[in-house]
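A short worksheet on the structure shown next.
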Amino acid sequence: MATNSRFTDLNRFPKLVLSLENQSFKKWLVKYNLAVRLATLEMGTETVSGDTVNRFRGETKFFALLNAIGDSGIEVLQSLGFDLERNDNTAHDEALKRLKGHYEKTENIHVAWVKAATLSQTCGEDELEYLLRVEKHSRKLGFVEGADVENLRERFAISMAVVGLRDESVRRQLMVDENITWKTLSDTLKTKSIAKESNIVVSEARSGGSSNVDSSAKIAEVRTKPAKRIGGGSPNKSSYYDERDSRKYRKSSMSPKSNRYRESSRDKFRVVMAAQMVLCYIAINQIIWPGTARKLGVMCVDNLLTSQRTAECGGPAE
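Start counting the sequence shown at 1; every next residue gets the next number (full-length UniProt numbering).
Spelled out as structure tokens, the structure:
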């Protein structure tokens, strides 16, 4: 794919346009890096002092960056004391590093770990989307590169994903599996998701049109229901609706979505957070709970998680 071209079209590099949109610099950086790789491949290589090097380097590469970042980016480099007249091979990478430090907001490692310990599947979130979110978050935890560390990171991500699942039966099944892998977890959730969708289709097919008829009959029954009489007189419409609203209020005040119910779940949430932290610690240190102690721990955490998610979404997870 190498060619003899010594120049590249600077207009191919995306312009840095900052906006109120979150992570606009990161999105630009992804596109810019792709353009750099493409230009490097197209311009090919050459031999310098017996070494094969890329033609797209040094001053040309630095100019491409300056052209892409525009006036706002150049002003940032100048404010940071960067020399715009440099023509060495490291100028591009150092300038890009300065821009990253200025535009990117790095998350505190302690905040990242707390978020990891409290990750859980949200109401209505697809299982595979949740798994992708956990995998992405696990790469922000500051693990040093290496084979053993990568294994620890994966085990930690698996623990986060399993503990945060909303489906109680699937969560219990996975928590007792000591040899679970990321592939096993992914396949299990994929199968569960397919089965859930299939069950909905089957249920709708079985109900046919009868459900609509039943619903219409119930609506008609409510509409024709006689209002209560006060003192044997004529029906009092206002009294009927007042009593109906009163029953509705009493019922809603005791529902899992009410404020009174939410207040009672705050202490449970703190305990759940602590339990999840324990599981994360176990994953990192590759500790396996022995026998009965492990089973009791699984039951305890599972019950607490079920209580938390019931409080969050107003009922047990499907």
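Ideal placement from N, C-alpha and C gives every residue a C-beta, glycine not left out.
Taking S72 as the centre and dropping the five residues before and after it, the same chain places the C-beta of L16 and L18 closer than 8 Å to its C-beta, in chain order. Bounds of the alpha helix (DSSP H) holding T40 are S24 to M43. Judged by DSSP secondary structure, T60 falls within the alpha helix (DSSP H) whose first and last residues are G58 to S79. E75 has its alpha-carbon roughly 37 Å from the corresponding atom of E135. As DSSP reads the structure, D51 sits in a beta bridge with V48.
Around the CB of Q121, 16 or more other CB atoms lie within 10 Å, so the residue is classed as buried. If you ignore the 5 residues before and after L119, its C-beta comes within less than 7 Å of the C-beta of V134, H137, M160 and G164, all in its own chain and listed in chain order. For the set W182, M175, V170 and I180, the Cα lying nearest the Cα of K192 is the one of V170. If you look at Q173, you'll find it in the alpha helix (DSSP H) that goes E168 to M175. For R12, same chain residues with a beta-carbon under 6 Å away, outside a window of 5 residues either side, are A35 in chain order.
Between G58 and D88, the gap from beta carbon to beta carbon is short of 8 Å. With a 10 Å radius around the Cβ and a threshold of 16 neighbouring Cβ atoms, V30 comes out exposed. Around the beta carbon of V202, a 10 Å sphere encloses fewer than 16 other beta carbons of the protein chains shown; the residue is thus reported as exposed. Distance between Q78 and L84, taken at the CA atoms: about 8 Å. Assigned with DSSP and collapsed to three states, I200 falls in helix.
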